[in-house]
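Numbering (the numbering used here), first residue to last: 46 to 413.
Laid out in structure tokens, this is it:
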């Protein structure tokens, strides 16, 4: 099978979506599929080396405008490499553009929705325009994969038949941390990982940890990641006078990142609702057999079994976050590692990739 991935963000850009998509492509190629990627130019992409072909299109100077112009890229790629199916990641530009391409070519396409903010409130012209494009992308798709049950519900409520929606969450190699040596840190620490952007809620976590630090003088908070809110977060840390307790250590990858997971007491995911899809970092924390405290956001509610593999707290509730953090500090053995291991089996990457291959095959066969 020849599958073209059409994406709106990709490597070398950081973040869960481009990294997860790259891993998915790599696993599919390992299974014998012929995969190529159509992705926007990203800063540094000329230095990126991948074992598969990436076509780079220029980003529109105005976001969400001129999306249909990418049809010409699809036509030209097909002339060079006749693909069987387009796998769109996101509704605009990928899904929206491909919906029109399908009208002229009858090439099937699947849309994977990576975030839960698919539709905006119809309060002004641009939101109405965006929602219209999302509806075109979804109603014309052959199948839609929802990476969380929350996204499944949102799509179903938009009028798309449930028979057209397939729930396929993210996956991970459950043994990725098995041979990793924990980092040697000077104090016990709590860990969080993610891009330093507003919706990740690191400001909430830092404020909660400030209260924790008053009663736990030998406990640190480590945050892995980089992003536009870094200076703002550093200013908050300085204002709270916890510079020697909260550490922003920058972006870490591979074994170095997993070494931080292996050394942590537990993991905290503090995102605000609205933008999450299915947090990869929660699976990574589970692979390190860490108990997890998370806000109730898309994806986290699927994978965390409250009281069994971790705890779920209401979004933007500092008090609830503090209570659960204190509880895990005082009761470090309350979450059994065996529970985490058993739950993680549901998200084995081989199982997830197999589900996608079956979906590709059945969708393509419907056109033959």
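Note that the Cβ used here is the ideal one computed from N, Cα and C, for glycine as well. Predicted, not measured: the structure shown is a model, and the values here were computed from it.
Original post:
What separation, rounded to the nearest whole angstrom, lies between the Cα atoms of residue 280 and residue 243?
Top reply: When rounded, the distance between both Cα atoms is 14 Å.
**OP:** Find out if the Cβ-Cβ distance for the pair residue 403, residue 252 is shorter than 7 Å.
**Re:** Cβ distance not < 7 Å, so residue 403 and residue 252 don't count as in contact.
Original post:
For residue 349, which of 70, 380, 262 has the nearest alpha-carbon?
Top reply: For residue 349, the nearest C-alpha among the options comes from 380.
Original post:
Counting along the chain, where does the beta strand (DSSP E) carrying residue 328 start and finish?
Top reply: No beta strand (DSSP E) holds residue 328; the alpha helix (DSSP H) holding it covers 325-332.
Subject >> Residue closest to residue 180, alpha-carbon to alpha-carbon, out of 195, 169, 194, 199 >> reply: Measuring from the Cα of residue 180, the nearest candidate turns out to be 199.
Original post:
Shortest alpha-carbon distance to residue 412 belongs to which of 330, 154, 271, 373?
Top reply: Nearest of 330, 154, 271, 373 to residue 412, Cα basis: 154.
**OP:** Check the C-beta distance from residue 132 over to residue 104 and give it rounded, since I have them as a contact under 8 Å.
**Re:** Contact between residue 132 and residue 104 fails: their C-beta atoms lie close to 20 Å from each other, not under 8 Å.
Original post:
At what residue ranges does the region 331-378 contain a whole run of the beta strand (DSSP E), taking only runs of 3 or more?
Top reply: Every beta strand (DSSP E) of 3 residues or more that sits fully in the region 331-378 is shown, in chain order, as 337-340, 355-358.
Original post:
In whole angstroms, what is the alpha-carbon distance linking residue 340 and residue 228?
Top reply: Their Cα atoms are separated by approximately 26 Å.
**OP:** Using only alpha-carbon positions, find the residue among 138, 58, 390, 212 that is nearest to residue 15.
**Re:** Lying before the first or after the last residue shown, residue 15 is absent from the chain, which here runs from 46 to 413.
Original post:
Leaving out five residues before and five after residue 65 in sequence, what residues of the same chain have Cβ atoms less than 7 Å from its Cβ?
Top reply: Once the five neighbours on either side are set aside, the close Cβ partners of residue 65 are 215, 325.
Original post:
My guess is that residue 192 and residue 236 are in contact by the Cβ rule of under 8 Å, so how many angstroms apart are they, rounded?
Top reply: Contact check for residue 192 and residue 236: beta-carbon distance about 23 Å, past the 8 Å limit, so the pair fails to qualify.
Original post:
Using the C-alpha atoms, what's the distance from residue 283 back to residue 47?
Top reply: The C-alpha of residue 47 lies about 52 Å from the C-alpha of residue 283.
Original post:
So, residue 268 versus residue 285, is the Cβ gap smaller than 7 Å?
Top reply: Contact: no.
**OP:** Please look up how many angstroms separate the CB atoms of residue 97 and residue 122, rounded, as I've assumed it's under 8 Å.
**Re:** With a Cβ gap of about 14 Å, residue 97 and residue 122 do not count as contacting.
Original post:
What number of angstroms, rounded off, separates the C-alpha of residue 184 from the C-alpha of residue 115?
Top reply: If I take the Cα positions, the gap works out to 19 Å.
Original post:
Relative to the alpha-carbon of residue 91, which residue among 124, 76, 55, 80 has its alpha-carbon at the smallest distance?
Top reply: The candidate whose alpha carbon is nearest that of residue 91 is 55.
Subject >> residue 213, DSSP secondary structure in three states >> reply: Correct three-state label for residue 213: coil.
Original post:
Do residue 165 and residue 175 have their C-beta atoms within less than 7 Å of each other?
Top reply: Yes, Cβ-Cβ distance for residue 165 and residue 175 is below 7 Å.
Subject >> Reference residue 60, options 301, 311, 238, closest by Cα >> reply: The shortest C-alpha separation from residue 60 is found at 238.
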